[in-house]
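These notes concern the structure reproduced below.
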Amino acid sequence: MNNSPILRTVVRVAVPITIIVSLRIFFQGHSQPGGGFIAGVLVAAAGAMYLLGFGIERAARWAWWKISVIGLLVSVFTGTVPLLLGRSFMDHAVWQRHLPVMGDIHLSSAILFDVGVYLIVFGTLMTIFVELGQEGR
Numbered sequence: 002m003n004n005s006p007i008l009r010t011v012v013r014v015a016v017p018i019t020i021i022v023s024l025r026i027f028f029q030g031h032s033q034p035g036g037g038f039i040a041g042v043l044v045a046a047a048g049a050m051y052l053l054g055f056g057i058e059r060a061a062r063w064a065w066w067k068i069s070v071i072g073l074l075v076s077v078f079t080g081t082v083p084l085l086l087g088r089s090f091m092d093h094a095v096w097q098r099h100l101p102v103m104g105d106i107h108l109s110s111a112i113l114f115d116v117g118v119y120l121i122v123f124g125t126l127m128t129i130f131v132e133l134g135q136e137g138r
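Per the numbering used here, residue 2 is the first one in the sequence shown, and the count goes up by one each step.
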């Protein structure tokens with residue numbers, strides 16, 4: 002664990018901001034550049050900052066690869082469900098609702114695929130970071 006109070010303070014501020022930016026880029030990716038991959042990289046960067054500031058001990062207890070497996074299952078599920086419904090692989094549906102305050106909301110099933118990518122990237126990078134951190138000990 003790093004005993005630098007300056008580093009820990011910076012990490013306490015930077016990690017939540019990085020996670021918020023990651024979520025913003027994730028949801029922006031539906032209609033503009035961004036999406037699951039780069040958002041997953043950003044949230045893993047937040048995890049790496051946490052590891053640098055507070056040590057690897059807590060993170061080493063997690064099985065990060067399980068997050069990658071869940072992401073893979075979500076992505077495969079998103080791609081194969083349309084096949085079971087007689088449509089083409091990776092076909093998507095769009096749900097539209099009108100909310101009084103927010104206006105029209107459009108939600109695509111493609112966002113589930115991006116959630117899977119997000120989890121795969123995050124879990125894989127965190128696994129790599131933790132393994133590299135333990136190897137250096």
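No residue lacks a Cβ here, since even glycine has one placed at the ideal position from N, Cα and C. Small disclaimer: the values here were computed from a predicted structure and weren't measured.
Checklist entry - From L86, I20, R98, pick the residue whose C-alpha is nearest to that of F123; which is it? => result Position 122 of the sequence shown, counted from the start, is the residue given in the question as residue 123. Taking each of L86, I20, R98 in turn and checking the Cα distance to F123, the smallest one comes out for I20.
Checklist entry - Does the beta-carbon of A64 have 16 or more other beta-carbons within 10 angstroms, so that it is buried, or is it exposed? => result Along the sequence shown, one-based indexing puts residue 64 at 63. Per the 10 Å Cβ criterion, exposed.
Next on the checklist: Rounded to whole angstroms, what is the Cα-Cα separation between P6 and F55?
Outcome noted: The residue labelled residue 6 in the question sits at position 5 within the sequence shown. The residue labelled residue 55 in the question sits at position 54 within the sequence shown. Cα to Cα, the separation comes out at about 10 Å.
Checklist entry - Do Y119 and G35 have their C-beta atoms closer together than 7 Å? => result On the sequence shown, position 118 is the one that residue 119 refers to. On the sequence shown, position 34 is the one that residue 35 refers to. The answer is no: Cβ separation not under 7 Å.
Next on the checklist: Between which two residues does the beta strand (DSSP E) holding W96 run?
Outcome noted: Position 95 of the sequence shown, counted from the first residue, corresponds to residue 96. Note, W96: beta strand (DSSP E), 95 to 100.
Checklist entry - Should F90 be labelled buried (16 or more other beta-carbon atoms within 10 Å of its own) or exposed? => result As a position in the sequence shown, residue 90 is number 89, starting the count at 1. Under this definition F90 is an exposed residue.
Checklist entry - For D115, which three-state DSSP category applies? => result As a position in the sequence shown, residue 115 is number 114, starting the count at 1. Shown here, D115 sits in a helix according to DSSP, grouped into three states.
Next on the checklist: Contact defined as beta carbons within less than 8 Å: I believe F114 pairs with S76. What is the distance between those atoms, to the nearest angstrom?
Outcome noted: If you number the sequence shown from 1, residue 114 lands on position 113. If you number the sequence shown from 1, residue 76 lands on position 75. Indeed, because the Cβ distance is near 5 Å, the residues count as touching under 8 Å.
Checklist entry - Start and end of the beta strand (DSSP E) containing I106? => result Here residue 106 is taken as the residue at index 105 of the sequence shown, counted from 1. Bounds of the beta strand (DSSP E) holding I106 are 104 to 109.
Checklist entry - For G37, does the count of other Cβ atoms within 10 angstroms reach 16, so buried, or fall short, so exposed? => result Here residue 37 is taken as the residue at index 36 of the sequence shown, counted from 1. With 16 or more other CB atoms across the displayed protein chains lying within 10 angstroms of its CB, G37 is buried.
Checklist entry - Leaving out the 5 sequence neighbours to the left and right, which residues in its chain are closer than 7 Å to Q135 when beta-carbon positions are compared? => result The residue you call residue 135 lines up with position 134 of the sequence shown. By the criterion of a C-beta distance shorter than 7 Å, Q135 is surrounded in its chain by I57, A61, once the five residues flanking it on both sides are discounted.
Item to check | Option in I106, W66, V22 with minimal Cα separation from E132 | outcome: The residue labelled residue 132 in the question sits at position 131 within the sequence shown. If we check each option's Cα against that of E132, W66 comes out closest.
Checklist entry - Between L53 and L8, which are expected to be in contact by the criterion C-beta below 8 Å, what is the C-beta distance as a whole number of angstroms? => result The count along the sequence shown starts at 1 and reaches residue 53 at position 52. The count along the sequence shown starts at 1 and reaches residue 8 at position 7. With 8 Å as the limit, L53 and L8 qualify as a contact, their Cβ atoms being about 7 Å apart.
Checklist entry - Can the beta-carbon of H93 be found less than 7 Å from the beta-carbon of A111? => result Counted from its first residue, the sequence shown places residue 93 at position 92. Counted from its first residue, the sequence shown places residue 111 at position 110. At the C-beta level, H93 and A111 come within 7 Å of one another.
Checklist entry - So does R25 have its beta carbon nearer than 6 Å to some heavy atom of the ligand ZN? => result The ligand ZN is absent from the structure shown, which contains no ligands of any kind.
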